[in-house]
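Only one structure is covered here, and it is reproduced in the block below.
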Amino acid sequence: MKKLAFITLAALTFGISAHATPPTDGECIVADPTGTPLKYRSAPYGKVLGTLKNGRKVYIIEDYRYDKNGKPWVEVYPTGGGDDNSLGWVYLKYLRCTMYPK
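Here the sequence shown stands for residues -20 to -1, 1 to 82, numbered as in mature numbering (1 follows the signal peptide of the UniProt record, and there is no 0).
This is how it looks when you write it as structure tokens:
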């Protein structure tokens, strides 16, 4: 029983720390071709949480999730200050990432 509790605690600790320090290769830049601020959402096509200007750095927290039309979305964490520093989902096509070359 103690071993199971330790493993559970270790798994929870690892999961939390993985989100606290995003990997460098998950860094992307907002690159919306329309030139308007990119909306980030609670889920793909979900409630709008805020907007991100072109050039803003974000870190990918969760990899692809496909919407009902088969379009890839990723969960991101915006960096660089401002009041839009919460996790949110964006359409991958509007990001420029080294880990997902176009």
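Backbone N, C-alpha and C define an ideal beta-carbon position, used for all residues, glycine too.
By DSSP's assignment, Ile40 forms a beta bridge with Val56. Setting aside the 5 residues that flank it on each side, Thr59 is surrounded in the same chain by Lys37, Val38 and Tyr39, each with a C-beta closer than 7 Å to its C-beta; the list follows chain order. Rounded to the nearest whole angstrom, the CA to CA distance from Leu32 to Gly50 is 23 Å. Exclusion of the five residues before and after Tyr44 leaves Pro52 as the residues of its chain whose Cβ lies within less than 6 Å of its Cβ. When C-alpha distances from Glu42 are compared across Thr14, Ser22, Leu29 and Gly15, the shortest belongs to Ser22. Of the residues Pro13, Glu55 and Gly68, the one whose Cα lies closest to the Cα of Gly30 is Gly68. In this structure, Val70 is the residue among Val70, Leu18 and Glu7 with its C-alpha nearest to the C-alpha of Pro24.
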